[in-house]
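>
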Amino acid sequence: MINLNKIFPWLSIRNKLLIAFAGLSILPLTFVGVYSVLTNVRMMRSIALGELTEDVQTIREKSENFLNDVYSDLRVLENSSFVESWMENTRTAKASKARADLNHIAREFLAFSKTKNVYYQLRLIGADGDELIRIESGSPEDMNGVYKIVPTSDLRHGRESYYFLMVKGVGEDQIAFAPAELQGANNLRIPAISFAFPLEADGHLVGILVANVFEKKLIEAIESRKRFGGTRKVVLITGDGHYLYRSDMQKDWNRLLAARGEDNVKRDYPELVADSILSGNDGTATDGMKEIISYAPLFGSGTRVLSVSSQSSFTVPVIVFESESADVILGPVRAYALTYLGFLALFLLCAVGLGLIATRQITRPIAELQRGAEVIAHGNYANTLKVETHDEIERLADQFNTMAASLSAHEREIERHRTKLEDMVRQRTHELQEEKGKLQAVLDNVPSAFVLLDRSFRIQTISAAFSNVTGLAPAAAQGQSRFHLIGDPEGTLETPWERAAEKGGIESYVQQIGGAEEGGRFLEYIAIPMAEDGAVNAVLVIITDITRRKHFERQLVHAEKLAAAGEMSSIIAHEFRNALTSVKMILQLFVESQKVTRAE
17 MINLNKIFPW LSIRNKLLIA FAGLSILPLT FVGVYSVLTN VRMMRSIALG ELTEDVQTIR
77 EKSENFLNDV YSDLRVLENS SFVESWMENT RTAKASKARA DLNHIAREFL AFSKTKNVYY
137 QLRLIGADGD ELIRIESGSP EDMNGVYKIV PTSDLRHGRE SYYFLMVKGV GEDQIAFAPA
197 ELQGANNLRI PAISFAFPLE ADGHLVGILV ANVFEKKLIE AIESRKRFGG TRKVVLITGD
257 GHYLYRSDMQ KDWNRLLAAR GEDNVKRDYP ELVADSILSG NDGTATDGMK EIISYAPLFG
317 SGTRVLSVSS QSSFTVPVIV FESESADVIL GPVRAYALTY LGFLALFLLC AVGLGLIATR
377 QITRPIAELQ RGAEVIAHGN YANTLKVETH DEIERLADQF NTMAASLSAH EREIERHRTK
437 LEDMVRQRTH ELQEEKGKLQ AVLDNVPSAF VLLDRSFRIQ TISAAFSNVT GLAPAAAQGQ
497 SRFHLIGDPE GTLETPWERA AEKGGIESYV QQIGGAEEGG RFLEYIAIPM AEDGAVNAVL
557 VIITDITRRK HFERQLVHAE KLAAAGEMSS IIAHEFRNAL TSVKMILQLF VESQKVTRAE
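The sequence shown runs contiguously to residue 616 in the numbering used here.
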């Protein structure tokens with residue numbers, strides 16, 4: 017085996033690789049292959065764009081046919097005899113006849129919904145915004161044609177201003193629509209398209225006919241045959257870029273309306289491509305993407321107006337685009353490229369022989385470096401590498417040896433610091449344990465009981481005085497709810513710790529256990545909120561037996577009552593003495609006057 021390291025000791029790694037791959041000149045063959053691949057790519061893209069554009073036009077036709085059908089249905093309902101009668105009776109303020117017409121209209125709408133099976137709701141809204149009739153699908157998830165008349169008690173009142181905004185500016189024989197997401201039973205989201213048709217009598221708006229069509233029915237109507245396979249994607253978006261439908265999300269496509277903050281064509285595609293799609297013009301996009309796209313306004317030639325009949329207009333821009341993965345379109349090109357690579361590999365076999373000669377001179381010292389690195393990784397920094405290639409690999413081995421020596425020195429330094437840190441940790445742990453023991457001794461010798469509640473008001477920590485103060489076993493109370501402290505398992509009483517957690521201040525509560533005549537006890541609960549970063553995450557409850565204090569207070573109150581009674585008795589006696597003294601003096605004066613009279 018030729019040793020190039022000895023023959024050409026000055027060669028670098030790069031030069032040795034050039035010896036292996038410069039044996040055959042493959043540049044011309046590579047140029048021809050690349051040119052052929054690029055030509056086929058352009059041709060396949062051109063074909064794909066033509067087919068995608070044709071599909072988009074087909075979708076536009078189907079969507080227009082679908083909306084024409086909806087428009088015709090609403091016109092039929094408007095021109096029904098009962099609707100016309102209701103409009104006339106409403107205009108002339110014949111309330112009783114108008115109510116009778118509503119019953120007939122509801123039955124007629126119900127029968128109509130069952131025959132069509134594309135409407136989620138048919139609604140009649142009065143001029144005052146109250147909902148008068150609503151026919152609704154009873155099973156909106158599977159759209160199986162089960163409809164019901166919503167009871168009058170469940171109808172909405174004065175909440176339908178949205179539909180008045182829709183029909184504002186809509187002229188005679190015109191209909192307005194907008195994509196919407198409706199909320200059904202059990203908070204079920206129902207993607208729909210809302211159509212609003214103004215009902216006028218003698219130039220006065222008497223009501224609005226609203227039809228909410230299942231959006232899925234429109235999707236079923238416009239889905240066209242797939243040309244390329246499962247990767248083709250049909251997308252409907254609104255004028256602001258939010259998705260209405262994506263064929264690649266058929267399992268959860270109905271969540272698109274609820275995810276307006278997340279899913280948007282402006283987020284999923286480059287800015288220039290998204291702006292082109294939303295421009296309202298027909299066009300294609302291919303450059304700089306993994307997809308080939310054809311796009312156009314869904315309704316008519318503009319983004320804001322579609323003529324369903326000679327005078328009807330739709331006021332919400334909706335855009336459709338269809339895309340195909342570039343990988344699928346360029347599949348034939350890839351097959352050609354693989355064939356070309358097969359031939360190219362044949363020519364490269366000769367170059368591999370030369371490459372083996374050069375790479376062998378590299379792989380052996382690299383393997384030596386790898387083994388040395390493994391030894392160093394296991395902590396044997398004394399191992400040294402011996403590589404003699406007279407090039408960069410040998411210099412790299414020298415750097416390995418230098419690195420091993422440096423790592424050994426760092427390892428010794430780290431070990432010294434680790435030993436020092438372990439000593440510091442042990443000392444600090446011992447100090448913390450001593451402090452903890454002191455604190456626990458203080459808490460255990462305080463006559464009051466200390467209880468720590470977590471954020472859910474469950475008992476976490478109990479001091480030694482808990483059993484003496486409350487009479488409850490600490491083991492039984494550990495982990496219990498806060499109601500266990502005050503003997504209220506039903507949770508009917510408002511506790512001070514709840515108020516303390518809510519207000520962020522200290523709260524107190526006094527509980528009497530047993531009657532006063534039976535030697536009852538009084539317990540005082542003081543709740544202190546424990547806040548961290550502005551949020552209360554625990555509450556400390558201090559429980560104190562204040563029975564003696566309560567008894568002293570009662571005795572003091574009793575003594576004060578007795579003193580007050582004595583003082584009142586003294587006042588009353590004094591008043592009586594004053595009155596008796598006056599009577600005595602009067603009697604004495606009377607006796608004296610009698611004596612004088614007799615003497616005369």
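Ideal Cβ positions, reconstructed from N, Cα and C, are used throughout, including at glycine. Here the structure is a predicted model, which is why all the values come from computation and not from measurement.
Please classify R76 as buried or exposed, where buried requires at least 16 other C-beta atoms within 10 Å of its C-beta.
Result: buried.
> Is the separation between the beta-carbon of I151 and that of A116 shorter than 8 Å?
No, the pair does not count as a contact, with Cβ atoms beyond the cut-off.
> So Y179 and I224 are in contact, right, with Cβ under 8 Å, and what is the actual spacing, rounded?
Confirmed, Cβ separation roughly 5 Å.
> Output the distance between the C-alpha atoms of G277 and R283, rounded to the nearest integer angstrom.
Only weak support exists for where G277 lies, its pLDDT of 49 falling under 50; the value from the coordinates is given anyway. So the two alpha carbons sit approximately 10 Å from each other.
> Using CA atoms only, rank isn't needed, just tell me which of L204, W513 and R444 is closest to I475.
Checked all of L204, W513 and R444; the closest Cα to I475 is W513.
> By Cβ distance below 7 Å, which residues in the same chain neighbour S101 in space, the five residues on each side in sequence not counted?
If we look at S101 and ignore the five residues flanking it on each side, its Cβ neighbours are D117.
> Taking the alpha-carbon of S155 as reference, which of V467, L204 and T355 has the nearest alpha-carbon?
Of the candidates V467, L204 and T355, the one whose C-alpha sits nearest the C-alpha of S155 is L204.
> Excluding the 5 residues preceding and the 5 following T563 in the sequence, name in chain order all residues of the same chain whose CB lies nearer than 7 Å to its CB.
Around T563: R537 and F538.
> Is the segment 591 to 604 close to the segment 563 to 581, with three or more CB pairs under 8 Å?
Result no; under three Cβ-Cβ pairs closer than 8 Å.
> Can you name, in chain order, every residue of its own chain whose Cβ lies under 6 Å from the Cβ of G49, other than the five neighbours on each side?
Contacts found: Y356.
> Any idea if E338 is buried or exposed, counting beta-carbon neighbours within 10 angstroms, 16 or more meaning buried?
Buried, by the Cβ-count rule.
> Closest by CA to L468, which one among A517, V226 and R248?
L468 has its Cα closest to that of A517, out of A517, V226 and R248.
> For N105, count the other beta carbons within 10 Å of its own beta carbon; 16 or more makes it buried, fewer makes it exposed. Which is it?
Looking at its Cβ environment, which holds 16 or more other Cβ atoms inside 10 Å, N105 is buried.
> Between G520 and V555, what straight-line distance do the alpha-carbon atoms span, to the nearest angstrom?
Whole-angstrom Cα-Cα distance: 10 Å.
> So, G145 versus E176, is the Cβ gap smaller than 8 Å?
Their beta carbons are under 8 Å apart, which means G145 touches E176 by this criterion.
> How big is the Cα-Cα spacing for T405 and E390?
So the two alpha carbons sit approximately 21 Å from each other.
> Starting from S8 and walking both ways along the alpha helix (DSSP H), at which residues does that stretch end?
Absent from the structure is residue 8, since the part of the chain shown begins at 17 and ends at 616.
> State whether the segment 414 to 428 contacts the segment 446 to 459, with contact taken as three or more CB pairs (one from each stretch) at a distance under 8 Å.
Because the criterion of three Cβ pairs below 8 Å is not met, the segment 414 to 428 and the segment 446 to 459 do not touch.
> Pick helix, strand or coil for S524, following the three-state DSSP scheme.
If DSSP states are grouped into helix, strand and coil, S524 belongs with the strands.
> DSSP three-state call for M305: helix, strand or coil?
If DSSP states are grouped into helix, strand and coil, M305 belongs with coil.
> What are the uninterrupted segments assigned as beta strand (DSSP E) that are 3 or more residues long and contained completely in the segment 396 to 460, given in chain order?
Counting only runs of 3 or more, we get nothing.
> Name the residue from I209, S472 and I544 whose alpha carbon lies nearest to the alpha carbon of Y261.
Answer by Cα proximity: I209.
> Alpha carbon to alpha carbon, what distance is there between M60 and D264?
Rounded to the nearest angstrom, the two C-alpha atoms are 23 Å apart.
> Drop a sphere of 10 angstroms on the beta-carbon of L440, count the other beta-carbons inside from all chains shown, and report buried for 16 or more, exposed for fewer.
For the record, residue 440 in the displayed sequence is Met; it is not Leu. Looking at its Cβ environment, which holds fewer than 16 other Cβ atoms inside 10 Å, M440 is exposed.
> Taking 8 Å as the threshold, find out whether the segment 379 to 389 comes into contact with the segment 406 to 415 through three or more Cβ pairs.
Touching, yes.
> For E124, which option in L90, S112, A312 and P214 has the closest C-alpha, if you only look at C-alpha atoms?
Ranking L90, S112, A312 and P214 by Cα distance to E124 puts L90 first.
> Compare the Cα-Cα distances from H220 to each of R380, R107 and T131 and report the closest residue.
Selected option, being the one with the closest Cα: R107.
> Once DSSP output is grouped into helix, strand and coil, what is the label at T108?
In the structure shown, T108 sits in coil (DSSP, three-state: anything other than H, G, I, E or B).
> Leaving aside the five residues before and after E438 along the sequence, list all residues of the same chain whose C-beta is less than 6 Å from its C-beta, in chain order.
Excluding positions up to five away in sequence, the list is empty.
> If the criterion is Cβ atoms closer than 8 Å, does the pair L234 and S79 meet it?
Yes. Within cutoff.
> Using the C-alpha atoms, what's the distance from I238 back to A64?
The straight-line gap from Cα to Cα measures roughly 20 Å.
> Where does Y261 fall in DSSP's three states?
Note: Y261 maps to strand in three-state DSSP.
> State the beta-bridge partners of P214 as determined by DSSP.
Bridge partners of P214: I224.
> What did DSSP end up calling S328 once you bin it into helix, strand or coil?
Model confidence at S328 stands at a pLDDT of 40, short of 50, so the residue's coordinates are unreliable and nothing is read from them.
> Would you kindly check if the distance between the Cβ of Y136 and the Cβ of N56 is under 8 Å?
It is not a contact, given that the beta carbons lie outside the stated cut-off.
> Taking the alpha carbon of R380 as the point to measure from, which residue in V403, F363, G395 and N81 has its own alpha carbon closest?
Of V403, F363, G395 and N81, the residue nearest in Cα terms is V403.
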